[in-house]
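Taking it in order: structure first as C-alpha cells, then the write-up.
In the working numbering, the protein residues as written are 845 to 1521.
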C-alpha cells in the first residue's frame, strides 16, 4: 500500500476527524467573543413612515440612522462611489433608503424589469436581515436601478408573491446617480419570540466596475456572518394568517379533457416556524432543468424546480441522503421547518404511488460560526424498506483575511435485504480575499454497501481525497479587470485494491474591461482502463449585458477511449427591450477506434423566447431538440408555449400549450388558475 493510501485508511481518517474536531471546537468559541465588537446600529423608530416612491424627500427620513461607512471589501478601502443608507422601523416593518452617488450616471446598468430575476449584471442595492441572531443565511432584499425587485428567503421559497411575502421598493434617477427606498414588513420575516435585535448587512453592486460596497466591513471576503447588530428594537409578535393556495387546471390532450385540482396551505406558527401541506400537487407543468449532452461517467444532479420541495430546502438533509429529484409521485405531503432558539429543524412526510417517505434534519447552533446536526431519511415502497441517517459538525472560524470552513460528516444506510453502508468525510476550506490564494480539500471513504435510495451517491466502494487552490485578482485601471486561476488534484482508490481514478486540472480566466472573457483549461483524468486528456477554451462577449451576452466553448481530447469533441454556443438576442431570444446549441461527439464500439454523437438545441408585457405578465415559448444532428432530433423534439400572470394581489394564471417535460411536442392545452386566500 502506498504511503498516501495508508494516510487515508479508516483509522487515519478517524484520528484526523477527531483532531480537527478538537481544534475546531476551540476555534469556534472565539467568534462568540468577537461578536461583542460587532458594529452596533441604534434602533430608531419612525413616528410617521415615509412614502416609498424612490425620492429621498426632505424631512421624511430625519429620524433614521445614517450609515455611510461602506467598504470595497476586496481592496479594503472606503467605497470610491459615495453610498449612504438611512435605516429605521415602525410597528409594521423595516424602512431603508439608499443614496448611490455615481459620477457617470449614464453608465448605470439597469436592464432587468421582471420581479424575481437575476440582478447580478445590474446596479442594485441590497438589505440583508438575519432575525434569529444565530442563523447563517439572512433574508436578502434587492432592487436594481430600474425598480426590479428580487429576494432570497432562507431555505428557499416558491415564486407566488403572496406566498413568499410581499415587500415594497421604488427608485429614482438623478444627475448624481440614483436612489432607492425599501419597506420590508415584519410579517414576512420569521422572527423568534422576544427578539430585541436583528443582524443587518447592506450592499451596493456596481457591475461595470466589478465591485461591491458593503456595510459593515466584512474583511477581504464577503462574509455573510459578519453583520452589524441593530439593537434596542421593539419588535412586535406578528402571526400572519394561513395562506391557502388552491389551483384548478383544465387539461385538454388529443381531444380528451381532464379537470384537476389541488391545494397548498402555508401557515406560520408563533416564533417564526413554518408548515406546509400539499394535496394533489401539480408537478406536470413545472419545467424541469434540461441536462447537458456533455459526456459524464456518472449521472449528474439536476436542479430541483418543484415548488413544494424548493420551499425551505435549506432546512433539510444533504443531497447525499435526500435528493428530492428521486421522489417522482406525490399525492399528499406535509413539511415543517424553522428555528427555535439555537435549534433549527426540517421535517417532511410524503405519500404517493405506494411510497411513504419520512425526512428530517435537526441542527444545533453552537455559535454563530458553528453548528452540529443529525439527518434521517426513511423510504418505504414495494421491494424497498430503507433507512439513511447521518450527522456532522460545521465550523466557520474567522480570520483577518477571510474565513475557513471545517466540516465533519458521517452517513449510514441500511434496510431490508440491504447491507449496511457508511460514508465518512472531512472538508477543510480556507477562503481568502482578493490577490490571495484560497485553498482546501476533503478526504472521505465510502463503503461498497452505501446505498441511499433517495439520495445521490453514484460511486461507492472507494476512499480518496480532493484538493484545490484558487487565485483571484481585480484591477481598477488596467485592460484586464479580473483574473482567476486554479488547480485541482484528486485521487481515489478502490477499497478492495487498485486505483479508482486520478485527476489533475488547471485553468485560468480573464475578464477584460471591454466586456470580453477568455478562459483556458487543461485536464488529465485517469480512470482505468481509460486515460483522458482534454483542453478546453472559452470566449465570451458582452459579459455585463443581461440579454445579449454570449460565448463559445470548445473541448477536445481523449475521453473514454475515444477522440472527443465537445462544443457549445450560447447567445442572447434582445429584439426589443421586452422581446428577447436565448439560443443554446451544443454537440458531444466521441469516435472510438474499436470498430465494435459505436461512436457517440449527440446534438442539443434549445431556443427560448420571452415577451414581457409588463413586470407581472409575459408570454413565452421554448423548443428543445436532442438527437444525432441538427434536424435529426429523435430523442427529444418538443415545443411548448406559455402565458404567465403573476401578480401582487389577485389570481395567478398560467396557460400552457404543449408539455414542458415531454420528449415530443404534445397537442395539449392546459389552464392553471391559482388564487391565494
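Ideal placement from N, C-alpha and C gives every residue a C-beta, glycine not left out.
CB contact flag (residue i, residue j, <8 Å)
i            : j            : result
residue 1384 : residue 1361 : yes
residue 1093 : residue 1104 : yes
residue 1066 : residue 917  : yes
residue 993  : residue 984  : no
residue 1063 : residue 1244 : yes
residue 1052 : residue 953  : yes
residue 1057 : residue 923  : yes
residue 1041 : residue 1073 : yes
residue 1050 : residue 1071 : no
residue 959  : residue 1459 : yes
residue 1307 : residue 1273 : no
residue 1286 : residue 1265 : no
residue 1473 : residue 1447 : yes
residue 1178 : residue 1193 : yes
Nonlocal neighbours in the same chain, by C-beta distance under 7 Å from residue i, ignoring five residues either side
i            : result
residue 1496 : 1004, 1489, 1490 and 1518
residue 870  : The pLDDT assigned to residue 870 is 45, lower than 50, so where the model puts this residue is not dependable; a value taken from the coordinates is nonetheless given after this. None.
residue 1403 : 1139, 1376, 1378 and 1434
residue 1415 : 1394 and 1427
residue 1175 : 1124, 1195 and 1196
residue 957  : 990, 992, 1456 and 1459
Spatially closest choice to residue i from the options, by CA coordinates
i            : options                   : result
residue 1209 : 1027, 1238 and 1192       : 1238
residue 975  : 1413, 1267, 1511 and 1077 : 1077
residue 1199 : 1017, 1225 and 1263       : 1225
residue 1204 : 1216, 1233 and 1196       : 1233
residue 1455 : 1407, 1475, 1417 and 1330 : 1417
residue 988  : 1008, 1022, 1179 and 1006 : 1022
residue 1163 : 1331, 1420, 1285 and 1296 : 1296
residue 1096 : 1508, 1507, 1499 and 1520 : 1499
residue 1075 : 1365, 1510, 1364 and 884  : 884
residue 1181 : 1170, 1153, 1169 and 899  : 1153
residue 1323 : 1356, 1332, 1374 and 1312 : 1356
residue 1246 : 1230, 1173 and 1282       : 1282
residue 911  : 1408, 1120 and 932        : 932
residue 1310 : 1216, 1033, 1334 and 1217 : 1334
residue 1172 : 1187, 1363, 1148 and 1191 : 1148
residue 1391 : 965, 898 and 1262         : 965
residue 977  : 996, 990, 882 and 1059    : 882
residue 1046 : 1100, 1407, 972 and 1255  : 972
Residues bridged to residue i (per DSSP)
i            : result
residue 941  : 930 and 1025
residue 1469 : 1449 and 1481
residue 1048 : 969 and 1057
residue 1348 : 1333 and 1368
residue 974  : 1043
residue 1388 : None, per the DSSP bridge assignment.
residue 1501 : 1485 and 1513
residue 1304 : Answer by DSSP bridge pairing: none, since residue 1304 is not bridged.
Whole-number beta carbon distance between residue j and residue i, since they are thought to touch under 8 Å
i            : j            : result
residue 1069 : residue 1213 : 6 Å
residue 1480 : residue 1464 : No, residue 1480 and residue 1464 are not in contact; Cβ-Cβ is about 19 Å, not under 8 Å.
residue 1267 : residue 1240 : With 8 Å as the limit, residue 1267 and residue 1240 do not qualify as a contact, their Cβ atoms being about 22 Å apart.
residue 1317 : residue 1279 : 5 Å
residue 1314 : residue 1328 : 7 Å
residue 1230 : residue 1216 : Actually they do not touch by this definition, with Cβ atoms about 25 Å apart.
residue 1189 : residue 1516 : Between residue 1516 and residue 1189 the Cβ distance is about 32 Å, and since that is not below 8 Å, they are no contact.
residue 999  : residue 1157 : 6 Å
residue 1167 : residue 1305 : Not confirmed; about 20 Å, so no contact.
residue 1359 : residue 1386 : 5 Å
residue 1029 : residue 903  : In fact, because the Cβ distance is near 24 Å, the residues do not count as touching under 8 Å.
residue 1007 : residue 1372 : The Cβ separation is near 51 Å, so there is no contact.
Cut-off 6 Å between Cβ atoms - residues of its own chain near residue i, not counting five sequence neighbours on either side
i            : result
residue 896  : 1012, 1014, 1025 and 1027
residue 1412 : 1397 and 1430
residue 1219 : 1161, 1165, 1205 and 1234
residue 927  : 914, 944, 1048 and 1057
residue 934  : 890 and 893
residue 1444 : 1434
residue 1477 : 1469, 1470 and 1471
residue 1084 : 1031 and 1112
residue 1010 : 1492
residue 1507 : 1480
residue 901  : none
residue 1276 : 1245, 1246 and 1282
Nonlocal neighbours in the same chain, by C-beta distance under 8 Å from residue i, ignoring five residues either side
i            : result
residue 873  : Because the pLDDT of residue 873 is 41, which lies under 50, any placement of that residue in the model is unreliable, and the question is left without a value.
residue 1037 : 1081, 1114 and 1115
residue 1184 : 1036, 1115 and 1117
Cβ of residue i within 8 Å of any chain D Cβ
i           : result
residue 908 : Here chain D cannot be found, since the structure has a single protein chain.
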